[in-house]
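What follows is one structure encoded as structure tokens, with my remarks underneath.
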Amino acid sequence: MELPTRRWLLTQGALVAATIAAPTAWATSASAALPAVDMELVLLAAQVDPPKPDTGTTPGAKAHVLPVERALNTIGLLATSAVDGHYGSSTIAAYAAWQRQLGYSGIDANGLPGVTSLTRLGETRFTVVHPVRAGSRTDSYGGRLVNTRTATMLAAADASPAWDITLSQGSYTTEDPTSAGTHDGGGVVDISVTGMSTARRWQLVQALRTVGFAAWLRTPEQGFPFHIHAVAVSDPDLSGPAQRQVHDYYFGRNGLANHAVDDTPPDYQVPFTWWEKAQRGQPAIAAR
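Read in order, the letters of the sequence shown are residues -32 to -1, 1 to 256 in mature numbering (1 follows the signal peptide of the UniProt record, and there is no 0).
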């Protein structure tokens, strides 16, 4: 019996290689054909949309919210009538139900997409771009508990000029009932301003806003001792009350129960942004 020739073996090897490679190439092509969902914009809509009195969509976010809502509708968690690009309370509830289906609970089922849950929802439906990660929940800043993303943002705000930021309250805590649940999740801190001049307090508010915090100076006139309250915009671990404070900030309000106009002096206000967007050097969003 004759042995196969080298040419025959090479030909057969090429055919086998092509057969193996074909599914991979097909999968890559199929993946490329899926719509891209920008997680940053979905998170933005999830914070801004729910408290609206109407179903208007957040500028730039609708095309990224719709694939998420269609997927939630496909798996029976969101009514067809709510698939509209507005990430309102129905979508928050539906996404929280999806997170619970995956076995999450507590702050992990807050209705804000996390990278893992959004990627799972997108399987065969969409791909996720611009992922936002809170990181470890056991980091600290000045001895106060925060997640990695928040610590990084605080360090950036603290760096120039050197503020020596001191936290009076961190995240993932219920130690202060006057905080109305804003600190129950991640991304929220209170900052001491003891010994600072009024101008320096406002400058620190400005520095925090520049790196992506919704930040306000709290005062005795508002019923608080002087401090700065800061919420990391688009932190996936935000509690419900903190999410609504981002909504207020987006619309130029004070983040308090009265939803009054933000009293930050115009010289210290900055356009709305978030950490990842600021780090890419992209223009912030004009004030509402």
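Yeah, the Cβ is synthetic: ideal placement off N, Cα and C, and Gly gets one too.
Spatial neighbours of residue i within its chain, please: CB distance less than 8 Å, with the 5 preceding and 5 following residues excluded, ordered by chain position.
| i | result |
| --- | --- |
| Ala125 | Trp131, Ile133, Leu172, Ala175, Leu176, Thr178, Val179, Phe181 |
| Thr(-5) | The predicted position of Thr(-5) is uncertain, since its pLDDT is 46 and thus under 50; no value can be drawn from it. |
| Val97 | Ala4, Val5, Asp6, Met7 |
Going by beta carbon distance, what residues of the same chain come within less than 7 Å of residue i, once the five residues before and after it are set aside?
| i | result |
| --- | --- |
| Gln213 | Thr150, Ala182, Val199, Gly223 |
| Arg105 | Asn115, Tyr140, Gly154 |
| Ala210 | Thr150, Gly153, Gly155, Val156, Val199 |
Mind checking residue i: buried by the 16 CB within 10 Å criterion, or exposed?
| i | result |
| --- | --- |
| Arg68 | exposed |
| Val36 | buried |
| Thr241 | buried |
| Ala29 | buried |
| Asp158 | buried |
| Arg248 | exposed |
| Asp235 | exposed |
| Ala119 | buried |
Can you check whether the CB of residue j is closer than 8 Å to the CB of residue i?
| i | j | result |
| --- | --- | --- |
| Ala102 | Asp17 | no |
| Leu45 | Ala65 | yes |
| Thr42 | Ala50 | no |
| Leu89 | Tyr109 | no |
Going by beta carbon distance, what residues of the same chain come within less than 6 Å of residue i, once the five residues before and after it are set aside?
| i | result |
| --- | --- |
| Tyr55 | Ala13, Ala14, Asp17, Val33 |
| Asp231 | none |
| Gly82 | Pro204 |
| Asn226 | none |
Mind the definition here: the segment 181 to 190 touches the segment 139 to 154 only if three or more C-beta pairs lie below 8 Å; say whether that holds. no
Counting pairs of Cβ atoms below 8 Å between the segment 5 to 19 and the segment 86 to 93, do you hit three or more? yes
Inter-stretch contact at 8 Å, needing at least 3 Cβ pairs: the segment 163 to 172 / the segment 141 to 150: no
Quick check for students: name the residue ranges of the beta strand (DSSP E) that lie wholly in the segment 103 to 138, counting only runs of 3 or more. Here the runs fully enclosed are 107 to 109, 112 to 114, 135 to 137.
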